[in-house]
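Those sequence lines, one after another, are chains R and B. Heads up: the first sequence begins at 106 in the numbering used here, then just goes up one per residue. Heads up: the second sequence begins at 2 in the numbering used here, then just goes up one per residue. For glycine and all other residues, C-beta sits at the position ideal for the given N, C-alpha and C. Written out below as structure tokens is the structure these notes cover.
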Amino acid sequence: MKALRMAAVCLTALGLTMAHAAPALTDEILIGELHPLTGPASFYGIPESRGIQLAVEEINAAGGVRVGDQSQMLRLMTEDDHSTPTAGVAALKKLRAADVRFIIGPLGSGVAPALFPIIDRDSGVTQIVDGTIAEGVTNGRNIFRNQAAVSQYDLAVADLFRSKKYASVAMMTDRFHAGFMGTQPALSETLKSLNATVAAEEYYKLGDTDFSAAMTKLVSLQPEVLLIRGYPAEGALITRQARQLGYEGQVVWEMVSPPSTVLKNISATEMEGVYNCIPPTTEDYIALGQDKALAFDKAYQAKFGTTPGELSTLSYDAVYILKAAFEKAGSTENEAVNAALAAMRPEDVPQLISGYVAHQDGRLFDDVGQVNLRGAVSIWQGEGWVPVPDLAG
Amino acid sequence: MARIPHIALISAVAFAAAVAVATQMNDYLLYVVILWAIFASLAVSFDVLLGYTGYLSLAHGALFGLGAYTGAIMTTRAGAGFWLALPVAGLVTAGVAMVVALIAFRTRGLYFAVLTLGIGLIGHQMFLVASGLTGGVLGFAGIPGPGVPSWLPIDQNLWNTCLALALLLVTFLAAQVFVRSRLGAACIAVREDMTLAQALGIGISRARLSAFIFSGFFTGLAGALFAAINNFVAPESFTVLGTGFQLVALVVVGGMGTLWGPILGAALLTALPEALRMASGYSMLAYGVLLLVFILFAPKGFAGLIQRGAAVLRRPATRKLSPTKEGVR
């Protein structure tokens, strides 16, 4: 009985301790970040979290953020959203209870829509979404996104089909990926309008390992293209099983896919020639020899002893976007920061690594808070992805 | 067995105490309390079925989702208010639960569990496939919350917490009334020896059907409240492997057939993932270890441990009395 009582007291004490994070001091700005740090999506979430840590450290080491006539340091509060809606909402509530007013994240396409109604009606919080590609999770008032929307991924797929004039396609989509499922009908229509027959649309889910039934059906249809939309572990297995079943057509991926994850489930030889249609990621910028990306890579490796993840630069950029907004607003009041974000131009944030293209009016974010980060085509060569600058070539 | 008025009084005092404590909590802790209260309501109603009839249903994750989507559709598309949507969600879920029960009670034991597992899987797939109604994988957004009455000077989060605690109170009291009724006694007879119960002329079909419908009704209410408080629901909250098995865990860890044990089980298993939030890999490990430990060493769950502890505490007191008795003799 005593032991039980002790356990209950300890658990309660632990809960209360964790819930009451120290409030932000007047000379520091508290930034919360929400990413999946455990579970199947952590291979995206951890590198994103590290990208944020690196940017915060850099900014603080350089003297902090200049707000009006005083400098303020950034302080980070990290929460694990497990990439599930309920845990994500709990994590958000925890950040808000600790008086966090600026939030970066989440990654999960299932989490962002759950957070949206809460943040949308909370004028005391500003959010920059750096991970999810699901549509409809920004508002341009207090929720902005520096990641592409899935429709921007689809533009690259359309470019590829337009250029290569593929005649038929079979689609394999992660049924639980809100982003990809959301644009599936529109993409299907776009491909049809480009004279490609949609031979089949099949679905799978994160964690599946045996695709033989669906692949047997798809391979028998002999589509010119097998388009896979979802996550790389399954993408690799689907590609391998399709090849084993004798599929010789073009495999096209539409997913952020770190080579280290891809190569756990397929050999580099089997991946040779696969296309991927997404906006450039960390690795692409490094491969292109972009100075800021190279410096980021070096600092990241020095700090964490490993290479950055595909989305790390987006998270890193998000911190610098917030910094620029604080400085432009000359205030840390949410209303002023939101206005600064809405009016921001890419050139206002010289530290940005990702290749954001200004909207027609020159702003970084459009009216609904979305950046212009158009998808591009890369091809697997050797041990990783290589950008394809000229699709006609 | 304690009488209903006594239980009602103790429960009402516990409810008032919980609300009083809640007024001192921040929004995050309130949300954890809400999750606990909703899952405790689910677990109590599930205990009526599992603990009192012995039938293991794995369809309850889907029934929880049905309640959530019914509430969401009622308030967003049918223009109903929360207070109408809540009982309708309960009734719709109870109706579907009745159909499920009529099919599933044609089997027993493992076959019943497997059949309800299939129904749970179908239900979850329906939430995905019927995207016109449910929003599919994108989820159902924009569900209006239960508005705070204008005469009540509290904020939305505290109001949500009060509602969740009230649901737990109502579910618990209703379950107490149910298990003390003739139907409840018949359910226990079904659990202990169905053949003997049949031989004695106990209406086993009616008893177990009533338990399933009772459980379905309160599962539907919990789902509708969950949807309204979160303003958003998605199919992944209602999977068999997630919510379906979680309910079993809450009841097993809490103590089957006690009604109050599952409330403790829900407290432990809701607090644990939050307390271990930054190490949720360990949280799942702790979850698994807890289940293992309880099944191996405390099959009567938390409630059994407490009852055993109370018995141990009572024993020395009896011994102290015995010399006096002997002295009298």
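Taking residue 233 of chain B as the query, report the chain R residues whose CB atoms sit under 7 Å from its CB, ordered along the chain.
190, 218, 219 and 222
Alpha carbon to alpha carbon, how far is residue 156 of chain B from residue 19 of chain B? Give it in angstroms, no decimals.
16 Å
Cβ neighbours of residue 176 of chain R in the same chain (closer than 6 Å, five flanking residues each side left out)
168 and 169
Whose Cβ in chain B lies nearer than 9 Å to the Cβ of residue 201 of chain R?
27, 28 and 29
Beta-carbon gap between residue 235 of chain B and residue 451 of chain R smaller than 7 Å:
no
Can you check which of these residues, R/433, R/410 and R/419, is closest to residue 389 of chain R by C-alpha distance?
R/419
Looking at the unbroken alpha helix (DSSP H) that takes in residue 161 of chain B, where does it start and where does it end?
157 to 181
Spatial neighbours of residue 367 of chain R within its chain, please: C-beta separation below 6 Å, excluding the five flanking residues on both sides.
337 and 341
Straight-line gap, residue 81 of chain B to residue 71 of chain B (C-alpha atoms, nearest Å):
11 Å
Check each candidate in B/312, B/45, B/106 and B/311 and name the one with the smallest Cα separation from residue 215 of chain B.
B/45
Would residue 428 of chain R be called buried (16 or more neighbouring beta carbons within 10 Å of its own) or exposed?
buried
Excluding the 5 residues preceding and the 5 following residue 496 of chain R in the sequence, name in chain order all residues of the same chain whose CB lies nearer than 8 Å to its CB.
264, 265, 268, 269 and 482
With a threshold of 8 Å, are at least 3 pairs of Cβ atoms found where one atom belongs to the region 284 to 300 of chain R and the other to the region 145 to 162 of chain B?
no
Contact belief for residue 196 of chain R with residue 186 of chain R at Cβ below 8 Å, rounded distance in angstroms
5 Å
What are the uninterrupted segments assigned as alpha helix (DSSP H) that are 4 or more residues long and contained completely in the region 388 to 438 of chain R, given in chain order?
396 to 409 and 417 to 434
May I ask you to report which of helix, strand or coil DSSP gives residue 127 of chain R?
The predicted position of residue 127 of chain R is uncertain, since its pLDDT is 49 and thus under 50; no value can be drawn from it.
Any chain R beta carbon closer than 7 Å to residue 288 of chain B
no
By DSSP, does residue 468 of chain R sit in helix, in strand, or in coil?
coil
In angstroms, rounded to a whole number, what distance separates the CA positions of residue 86 of chain B and residue 152 of chain R?
43 Å
Give me the chain B residues within the contact set of residue 286 of chain R, using Cβ-Cβ distance strictly less than 7 Å, ordered along the chain.
137, 138 and 139
Which residues, in chain order, does the region 158 to 172 of chain R contribute to contact with chain B at a C-beta distance below 8 Å?
none
So the alpha helix (DSSP H) residue 261 of chain B belongs to, where does it begin and stop?
From DSSP, residue 261 of chain B is part of no alpha helix (DSSP H); its letter is neither H nor E.
Measure the Cβ-Cβ separation of residue 387 of chain R and residue 413 of chain R and say whether it is below 7 Å.
yes
Residues of the region 139 to 170 of chain B with Cβ closer than 7 Å to any Cβ of chain R, in chain order
139, 140, 142 and 143
Considering residue 275 of chain R, what are the terminal residues of the beta strand (DSSP E) in which it resides?
273 to 279
Which of helix, strand or coil DSSP assigns to residue 207 of chain R
strand
Terminal residues of the beta strand (DSSP E) in which residue 304 of chain R lies:
302 to 309
Contact set between residue 238 of chain B and chain R, taken where Cβ atoms lie within less than 7 Å:
190 and 191
Three or more C-beta pairs below 8 Å linking the region 138 to 153 of chain R and the region 433 to 452 of chain R:
no
Below-7 Å beta-carbon distance, residue 56 of chain B vs any chain R residue:
no
Strictly under 7 Å for the Cβ-Cβ distance: is residue 53 of chain B near chain R by that measure?
no
Using 8 Å as the cut-off, can you tell me whether the region 484 to 493 of chain R makes contact with the region 368 to 386 of chain R, which would need three or more C-beta pairs spanning the two stretches below that distance?
yes
Chain R within 7 Å of residue 112 of chain B, Cβ atoms only:
no
Interface residues of chain B around residue 195 of chain R at Cβ under 9 Å?
29, 32, 33, 36, 274, 275 and 278
Name the two residues that bound the continuous beta strand (DSSP E) containing residue 380 of chain R.
380 to 383
Which chain R residues are close to residue 292 of chain B, counting only those with a beta carbon under 9 Å from its beta carbon?
Neighbours of residue 292 of chain B on chain R: none; closest Cβ ~16 Å, over 9 Å.
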